[in-house]
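Visitor: Reading the sequence shown from the start, the letters are residues 1 to 297 in UniProt numbering. Just so you know, even glycine gets a beta-carbon here, dropped at the ideal spot from N, CA and C. I am attaching a structure below and will ask some questions about it afterwards.
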Amino acid sequence: MAPFDDVKQVDAGVLNVGYVEAGPADGDAVILLHGWPYDIHSFVDVVPLLADAGHRVVVPYLRGYGTTRFRSDDTMRNGEPAAMGLDLIALMDALSIETAKLAGFDWGARTADVVAALWPERCRGLVSVSGYLIDGQESGTVPLPPKAEFSWWYQYYFATERGRKGYDKNRRDFARLIWQAASPRWTFDDATFERSAAAFDNPDHVDIVIHNYRWRLALADGESQYAEWEKRLAAKPKITVPSISLEGDANGAPHLDPSVYGKQFAGRYEHRTVGGGVGHNLPQEAPRAFAEAVLDV
Numbered sequence: 001m002a003p004f005d006d007v008k009q010v011d012a013g014v015l016n017v018g019y020v021e022a023g024p025a026d027g028d029a030v031i032l033l034h035g036w037p038y039d040i041h042s043f044v045d046v047v048p049l050l051a052d053a054g055h056r057v058v059v060p061y062l063r064g065y066g067t068t069r070f071r072s073d074d075t076m077r078n079g080e081p082a083a084m085g086l087d088l089i090a091l092m093d094a095l096s097i098e099t100a101k102l103a104g105f106d107w108g109a110r111t112a113d114v115v116a117a118l119w120p121e122r123c124r125g126l127v128s129v130s131g132y133l134i135d136g137q138e139s140g141t142v143p144l145p146p147k148a149e150f151s152w153w154y155q156y157y158f159a160t161e162r163g164r165k166g167y168d169k170n171r172r173d174f175a176r177l178i179w180q181a182a183s184p185r186w187t188f189d190d191a192t193f194e195r196s197a198a199a200f201d202n203p204d205h206v207d208i209v210i211h212n213y214r215w216r217l218a219l220a221d222g223e224s225q226y227a228e229w230e231k232r233l234a235a236k237p238k239i240t241v242p243s244i245s246l247e248g249d250a251n252g253a254p255h256l257d258p259s260v261y262g263k264q265f266a267g268r269y270e271h272r273t274v275g276g277g278v279g280h281n282l283p284q285e286a287p288r289a290f291a292e293a294v295l296d297v
């Protein structure tokens, strides 16, 4: 837990980013990216494994989480994928990291995918839980089979003002429900949950979450400076860097079969299914399998 007790802050682009760091300062960099509704503690058991292997490990809070803050009150609280991808590039620049292995799940996997696809020169290798997660607004408007739509219930809840108010009022109860549904065989205690839930007290958290899901359904606009990047992402660019995709055998969150997205990885690529009842929060539920993928990619 030692690195996680020392949260550092750095100005990076439009954000002042909170992050933890471990391992030798001159080691090959690895950046680990969490998802929603989780936080940096998803990697609490992964970090020492990578640091002990000689890596410089950086774990940032995404925009809207933990101690990460916008540097200006005037900046739009934007949750679109290109914005988060550029957040990562800005963080790498601020920390003088030219290239790094990128690894994440949920929003973090999507952000890592975005950087690997658009700025492959900054990514030495990619580990992505649930694989290729790049998409555009147009595909978000395409109806899915009823069973698939049912699994996205919260996305439609967030499309309403009632949903915004409900999430704001019940952040912890909402997150606990998602944890249980997405990882039905993961037994976590109250202390583990509360350690991560504190990150949702960020003043921008609700705005970022609501905008992210409304943007996906084309119910909210993004910002013009990201429009060209989003256009490129909507074309589903291939990922050419060495990549490993991971999936837990008990992932209760919406996800595609690797046979659907495997063709999007045009470089050296491998898929691994992690057994034993592992759900959506794969790095916290199976830290050794996650760390091994990062070391192997």
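Determine, using beta carbons only, whether VAL115 and ARG122 come nearer to each other than 8 Å.
Guide: Here residue 115 refers to the residue found at position 115 when the sequence shown is read from its first residue. Here residue 122 refers to the residue found at position 122 when the sequence shown is read from its first residue. Yes; because the gap between Cβ atoms is below 8 Å, this pair is in contact.
Visitor: By how many angstroms is the C-alpha of TRP153 removed from the C-alpha of VAL142?
Guide: Counting from one through the sequence shown, the residue named residue 142 turns up at place 142. Counting from one through the sequence shown, the residue named residue 153 turns up at place 153. Each residue's Cα considered, the two are about 15 Å apart.
Visitor: According to DSSP, what are the bridge partners of GLN9?
Guide: Residue numbering aside, residue 9 sits at position 9 when the sequence shown is read from its first letter. DSSP, once it has assigned bridges, lists GLY18 as partnering GLN9.
Visitor: Under a Cβ-count criterion, where at least 16 other Cβ atoms within 10 Å of its own Cβ denotes burial, should residue 299 be classed as buried or exposed?
Guide: This structure gives no information on residue 299, because the portion of the chain shown stretches from 1 to 297.
Visitor: Where do the N-terminal and C-terminal ends of the beta strand (DSSP E) with HIS211 fall, by residue?
Guide: Taking the sequence shown and counting its residues from 1, the one referred to as residue 211 is at position 211. HIS211 -> not in any beta strand (DSSP E); alpha helix (DSSP H) instead, spanning 205-216.
Visitor: Please classify VAL150: is it buried, with 16 or more other beta-carbons within 10 angstroms of its beta-carbon, or exposed?
Guide: The residue you call residue 150 lines up with position 150 of the sequence shown. Checking the displayed sequence, the identity of residue 150 turns out to be Phe instead of Val. Per the 10 Å Cβ criterion, exposed.
Visitor: Count the other CB atoms within 10 Å of the CB of ASN170; is the residue buried (16 or more) or exposed (fewer)?
Guide: Within the sequence shown, the letter at position 170 stands for residue 170. It counts as exposed.
Visitor: When we look at the beta-carbon of PRO184 and count the other beta-carbons within 10 Å, is it buried (16 or more) or exposed?
Guide: As a position in the sequence shown, residue 184 is number 184, starting the count at 1. Exposed is the call here.
Visitor: Are the CB atoms of VAL14 and LEU91 within a distance shorter than 8 Å?
Guide: Here residue 91 refers to the residue found at position 91 when the sequence shown is read from its first residue. Here residue 14 refers to the residue found at position 14 when the sequence shown is read from its first residue. No, the Cβ-Cβ distance between LEU91 and VAL14 is not below 8 Å.
Visitor: Around the C-beta of ASP249, are 16 or more other C-beta atoms found within 10 angstroms, so that it is buried, or is it exposed?
Guide: Here residue 249 refers to the residue found at position 249 of the sequence shown. Exposed, by the Cβ-count rule.
Visitor: Measure how close the beta-carbons of GLY27 and ARG71 come, nearest whole angstrom, since I'm counting them as under 8 Å.
Guide: Counting from 1 along the sequence shown, the entry for residue 27 is found at position 27. Counting from 1 along the sequence shown, the entry for residue 71 is found at position 71. Contact flag wrong, Cβ pair sits at about 29 Å.
Visitor: Please list the segments of the beta strand (DSSP E) lying wholly inside the UniProt domain "AB hydrolase-1" (29-159), counting only runs of 3 or more residues, in order along the chain.
Guide: If only uninterrupted beta strand (DSSP E) runs of at least 3 residues are considered, those enclosed by the UniProt domain "AB hydrolase-1" (29-159) are 29-33, 56-60, 100-104 and 123-129.
Visitor: Could you compute how far the alpha carbon of SER130 sits from the alpha carbon of GLY252?
Guide: To locate residue 130, count along the sequence shown from 1; it is residue 130. To locate residue 252, count along the sequence shown from 1; it is residue 252. Roughly 12 Å separates the two Cα atoms.
Visitor: Closest by CA to LEU246, which one among ASN202, GLU230 and SER128?
Guide: Working through the sequence shown from its first residue, we reach residue 246 at position 246. The shortest C-alpha separation from LEU246 is found at SER128.
Visitor: Report yes if the CB atom of GLY79 is closer than 8 Å to the CB atom of LEU32, and no otherwise.
Guide: Position 79 of the sequence shown, counted from the first residue, corresponds to residue 79. Position 32 of the sequence shown, counted from the first residue, corresponds to residue 32. Not in contact: GLY79 and LEU32 (Cβ atoms no closer than 8 Å).
Visitor: Grab me the residues of ILE208's own chain with a C-beta within less than 7 Å of its C-beta, minus the 5 sequence neighbours each way, in chain order.
Guide: Reading the sequence shown from its first residue, position 208 is the one you call residue 208. Closer than 7 Å at Cβ, skipping near neighbours: ARG63, GLY64, ARG77 and GLY79.
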